[in-house]
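Comments concern the structure below.
In mature numbering (1 follows the signal peptide of the UniProt record, and there is no 0), the protein residues as written are -19 to -1, 1 to 220.
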C-alpha cells in the first residue's frame, strides 16, 4: 500500500536489548505456515516465513504484541537506517481492522522514519486483537530485498540475519490510519534470526489460503470501520 508524508515527535528515554539467540521453528496448524519464530523478554513475538526458493522479495510476517505496547516495529536490516521498517500498531477498534502495518524507512538515526514505497503489504488472516494481545499478519513484497545508500541487500538468500525491533507504550496520534505520526521508541534491540527454518515449499498456497476477510480503503492510508470479523489469534495467545 502507498503511504504519505508523516512527522513524528521525538522524546522519552530508550532502553536497549541485544539477543544472540536465533529463532526456532514454529508450525501453525491453523494456517499451515511454518515460521521462524522468536519471543523476546518483553513478550513480543516475531515470526517470519519465506518461499523455499525465490528471486523475489516476498515474506510473510506475523507480529504478536502484548497490549502494554501501543506500537512495535521490525527493521529488516537489523538497524534503524536505510532498510525497510515494518511498523505495527493497535487501532483500538472494536470492529474492522484491529491492528495495522505501516511501511517506513529512516535515513538517519535522528531522522523521522519516512514513507517507504519500496515495500507493499497485504493483510492476511490472523490480524486482530483481544484482551491481552494484538497481532498483525501480512505478506510483504519488498522487505527481504532492497537498495539504499548503504548498498543492495537480499537477506532471503542468507541462512541467518540480524533483525531489530523497537516498541513504545505511547499510541500513534491517529491509530486507525497507517499514515499517523508516532512517538520515538521506548525499547529497541537486535537479534540473530534463523532464516533456514523459515522456508515454506507451499508459500504461495499459504497466501492464497489465508486471506484477510475485511475490506480496506486504500486511498490516503485510511482503514474502514465495520469490516467483517477475522479469525482470532493462535490458541496460545487467546485470553
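A virtual CB, placed ideally from N, CA and C, is assigned to each residue, including glycine.
Pick from 75, 151, 46 and 161 that is closest to residue 114, judged by C-alpha positions:
Ranking the options by Cα distance to residue 114, first place goes to 46.
What does the alpha-carbon distance come out to for the pair residue 126 and residue 100?
Spanning the two alpha carbons is a distance of roughly 9 Å.
Please return the same chain residues whose Cβ sits closer than 6 Å to the Cβ of residue 124, not counting the five positions on each side in sequence.
Cβ within range, chain order: 40, 57, 65 and 100.
If we count Cβ pairs, one from each stretch, closer than 8 Å, do we get three or more for the segment 126 to 145 versus the segment 77 to 85?
At 8 Å Cβ cutoff, the stretches do not touch.
Can you list, in chain order, the stretches of the beta strand (DSSP E) that have 3 or more residues and sit fully within the segment 99 to 133?
List check, beta strand (DSSP E) in window: 101 to 104, 114 to 122 and 126 to 129.
Does the structure place the segment 155 to 166 close enough to the segment 179 to 190 that three or more beta carbon pairs sit under 8 Å?
Under the three-pair Cβ rule at 8 Å, the segment 179 to 190 does not count as touching the segment 155 to 166.
Run through the DSSP bridge pairs and tell me what residue 31 is partnered with.
DSSP lists 180 as the beta-bridge partner residues of residue 31.
For residue 7, does the count of other Cβ atoms within 10 angstroms reach 16, so buried, or fall short, so exposed?
That one is buried.
Where does residue 94 land, buried or exposed, given buried means 16+ other C-beta within 10 angstroms?
Only buried fits residue 94, as 16 or more other CB atoms lie within 10 angstroms of its CB.
Taking the CB atoms as reference points, tell me whether residue 188 and residue 55 lie closer together than 9 Å.
The Cβ-Cβ distance between residue 188 and residue 55 does not fall below 9 Å.
Under a three-way DSSP split, which group does residue 187 fall into?
In the three-state DSSP reduction, residue 187 falls in the helix class (H, G or I).
Pull the bridge partners of residue 71 from the DSSP assignment, please.
According to DSSP, residue 71 bridges with 80.
Which residue or residues does DSSP assign as beta-bridge partners of residue 25?
The beta-bridge partner set that DSSP reports for residue 25 is empty.
Skipping 5 residues on each side, what residues in its chain have a beta carbon closer than 6 Å to that of residue 59?
Result list for residue 59: 143, 144, 145 and 171, in chain order.
Beta strand (DSSP E) containing residue 59: first to last residue?
Boundaries cannot be given for residue 59, as no beta strand (DSSP E) includes it and DSSP labels it neither H nor E.
Per-residue burial, residue 108 [other beta carbons within 10 Å of its own, 16 or more giving buried]
For residue 108, the number of other beta carbons within 10 angstroms of its own is at least 16, and it is reported as buried.
Rounded to a whole number of angstroms, what is the C-alpha to C-alpha distance between residue 173 and residue 92?
Roughly 25 Å between the two C-alpha positions.
Within the same chain, show all residues whose beta-carbon is closer than 7 Å to that of residue 90, passing over the 5 residues directly before and after it, in chain order.
Excluding residues within five positions, the ones whose Cβ falls inside 7 Å are 61 and 62.
Which class does residue 14 belong to by DSSP, given the choice of helix, strand or coil?
Look at residue 14 here: in three-state DSSP terms it is coil, with no helix or strand label.
Within 9 Å, strictly: CB atoms of residue 119 and residue 67
Note that the C-beta distance between residue 119 and residue 67 is below 9 Å.
What does DSSP give as the partner residues of residue 6 in its beta bridges?
Beta-bridge annotation (DSSP): residue 6 is paired with 17.
Sorted by chain position, which residues of the same chain lie with C-beta nearer than 8 Å to residue 150's C-beta, five sequence neighbours on each side aside?
Contacts found: 49, 50, 51 and 167.
Would DSSP call residue 158 helix, strand or coil?
When secondary structure is reduced to three states using DSSP, residue 158 falls in the strand class.
Residue 146: first and last residue of the uninterrupted beta strand (DSSP E) it sits in
Its beta strand (DSSP E) spans residues 141 to 149.
Under 9 Å between C-beta atoms of residue 31 and residue 117
No, Cβ-Cβ distance for residue 31 and residue 117 is not below 9 Å.
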